[in-house]
Amino acid sequence: MLGSDEIVKESKTADAPTEPVVEQPRGEIARDVSRDASHSAPHGAPRDDGRPEARGRGRGRGDGRDRNRSGDREPAEKEFIEKLVKLNRTAKVVKGGRRFSFSALTVIGDRKGNVGYGFGKANDVSEAIRKSIEKAKRNMVPLPVKNGTIPHEITGIFKASKVLLKPARSGTGIIAGGPVRAIMEAGGVTDVLSKSLGSASQYNVVKATFDCIGRMMDARTIAKNRGKSLKEFWG
Numbered sequence: 113m114l115g116s117d118e119i120v121k122e123s124k125t126a127d128a129p130t131e132p133v134v135e136q137p138r139g140e141i142a143r144d145v146s147r148d149a150s151h152s153a154p155h156g157a158p159r160d161d162g163r164p165e166a167r168g169r170g171r172g173r174g175d176g177r178d179r180n181r182s183g184d185r186e187p188a189e190k191e192f193i194e195k196l197v198k199l200n201r202t203a204k205v206v207k208g209g210r211r212f213s214f215s216a217l218t219v220i221g222d223r224k225g226n227v228g229y230g231f232g233k234a235n236d237v238s239e240a241i242r243k244s245i246e247k248a249k250r251n252m253v254p255l256p257v258k259n260g261t262i263p264h265e266i267t268g269i270f271k272a273s274k275v276l277l278k279p280a281r282s283g284t285g286i287i288a289g290g291p292v293r294a295i296m297e298a299g300g301v302t303d304v305l306s307k308s309l310g311s312a313s314q315y316n317v318v319k320a321t322f323d324c325i326g327r328m329m330d331a332r333t334i335a336k337n338r339g340k341s342l343k344e345f346w347g
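With our numbering applied, the sequence shown covers 113 to 347.
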């Protein structure tokens with residue numbers, strides 16, 4: 113058993129007032145932590161003081177990518193007009209779910225008598241359109257245009273699709289459906305009459321229209337092949 117003196121000592125130590133805890137502000141705590149981390153970093157390592165990187169913060173410095181937009185040149189006009197005729201999505205069912213694939217049919221032209229079409233496939237929409245446009249640029253053909261219309265009436269056939277094109281007087285406009293209208297607008301034709309006969313498949317209609325363009329006769333080309341001037345050709 114404890115003596116009386118020892119009991120008095122234990123009661124005094126138990127009742128002794130504890131020192132008050134001083135709460136340190138958060139900013140000072142953060143500075144202390146960053147200071148300790150910088151001192152403990154190995155020699156030659158970059159010092160992290162919690163501030164953002166100063167690289168690229170100044171205007172007009174660096175590699176020139178932060179130039180003032182007001183001084184940039186205006187974007188040049190596009191060389192070709194691009195029209196999306198058909199965008200199709202297909203799904204393949206696999207073990208993990210469904211995988212989607214996209215196909216795009218586009219028509220491009222310079223509105224000066226040159227048109228082309230392309231078909232591209234990819235797993236992404238933008239990539240499919242890009243592929244189709246690249247193919248269309250490689251497959252451009254001349255479209256004879258006379259006073260804003262085609263030189264003569266012609267019919268094009270591809271499989272079950274048939275397209276009839278007729279010249280029209282000024283002010284008529286493009287009387288055509290989606291695929292044929294896109295081709296005529298891209299080629300620079302402003303007045304034409306058309307009728308789609310047979311299958312309405314947009315792929316076949318586009319190919320039937322390009323069959324018309326491929327067999328279309330140009331007066332200047334025929335006169336040159338015959339060895340005559342344009343005036344002599346028209347008589």
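We treat Cβ as the ideally placed atom computed from N, Cα and C, and that holds for glycine.
Following the continuous alpha helix (DSSP H) through residue i, name the residue where it begins and the one where it ends.
{"i": "LYS336", "result": "331 to 337"}
{"i": "LYS319", "result": "314 to 326"}
{"i": "PRO263", "result": "Unbroken run through PRO263: none, as it is neither H nor E."}
Within 10 angstroms of the Cβ of residue i, are there 16 or more other Cβ atoms? Answer buried if so, exposed if not.
{"i": "GLY326", "result": "exposed"}
{"i": "ASN337", "result": "exposed"}
{"i": "VAL205", "result": "exposed"}
{"i": "GLU186", "result": "Unreliable positioning characterises GLU186 in this predicted model, as indicated by a pLDDT of 41, which lies under 50. A coordinate reading is not provided."}
{"i": "ALA272", "result": "exposed"}
{"i": "GLY285", "result": "exposed"}
{"i": "LEU277", "result": "buried"}
{"i": "SER244", "result": "buried"}
{"i": "LEU342", "result": "exposed"}
{"i": "SER428", "result": "Residue 428 lies beyond the range of the chain shown here (113 to 347); nothing can be said about it."}
{"i": "ARG177", "result": "In this predicted model, ARG177 has a pLDDT of only 46, less than 50, meaning its place in the structure is not dependable; the value taken from the coordinates is given anyway. Burial call: exposed."}
{"i": "GLY339", "result": "exposed"}
{"i": "PHE270", "result": "buried"}
{"i": "ILE334", "result": "exposed"}
{"i": "GLY232", "result": "buried"}
{"i": "GLY268", "result": "buried"}
{"i": "GLY208", "result": "exposed"}
{"i": "ASN316", "result": "buried"}
Since I believe residue j is in contact with residue i (beta carbons under 8 angstroms), could you give me their beta-carbon distance rounded to a whole number of angstroms?
{"i": "SER282", "j": "GLY260", "result": "6 angstroms"}
{"i": "VAL219", "j": "ALA288", "result": "Actually they are not in contact, since the Cβ atoms of VAL219 and ALA288 sit about 12 angstroms apart, beyond 8 angstroms."}
{"i": "VAL292", "j": "TYR229", "result": "With a Cβ gap of about 12 angstroms, VAL292 and TYR229 do not count as contacting."}
{"i": "LYS247", "j": "ALA320", "result": "So it is not a contact: roughly 19 angstroms between Cβ atoms."}
{"i": "ASN226", "j": "PRO254", "result": "6 angstroms"}
{"i": "ALA294", "j": "LYS195", "result": "4 angstroms"}
{"i": "ALA203", "j": "PHE214", "result": "Wrong, their Cβ atoms sit about 11 angstroms apart, outside the cutoff."}
{"i": "ALA280", "j": "ASP303", "result": "4 angstroms"}
Helix, strand or coil for residue i? Go by DSSP, reduced to three states.
{"i": "PRO256", "result": "coil"}
{"i": "GLY289", "result": "coil"}
{"i": "LYS271", "result": "coil"}
{"i": "GLU344", "result": "helix"}
{"i": "SER152", "result": "Annotation note: pLDDT 47 at SER152 (below 50); position unreliable, coordinate value reported separately. In the structure shown, SER152 sits in a helix (DSSP, three-state: H, G or I)."}
{"i": "GLU297", "result": "helix"}
{"i": "GLU191", "result": "coil"}
{"i": "ALA142", "result": "Confidence in ALA142 is poor, its pLDDT being 48 and thus under 50, which makes the residue's placement unreliable; the coordinate value appears in the next sentence. Note: ALA142 maps to helix in three-state DSSP."}
{"i": "ALA126", "result": "Because the pLDDT at ALA126 is just 47, under 50, the model does not fix this residue reliably, and the value given afterwards should be weighed accordingly. Three-state result, ALA126: helix."}
{"i": "GLY183", "result": "Interpretation of GLY183 is limited by its pLDDT of 42, a score under 50 that renders its predicted location unreliable; the figure taken from the coordinates is listed afterwards. In this structure, GLY183 counts as helix in the three-state DSSP scheme."}
Identify the continuous beta strand (DSSP E) that holds residue i and give its terminal residues.
{"i": "LYS307", "result": "304 to 310"}
Complete runs of the beta strand (DSSP E) confined to the region 197 to 252 [at least 3 residues]: You should have 209 to 221 and 226 to 234.
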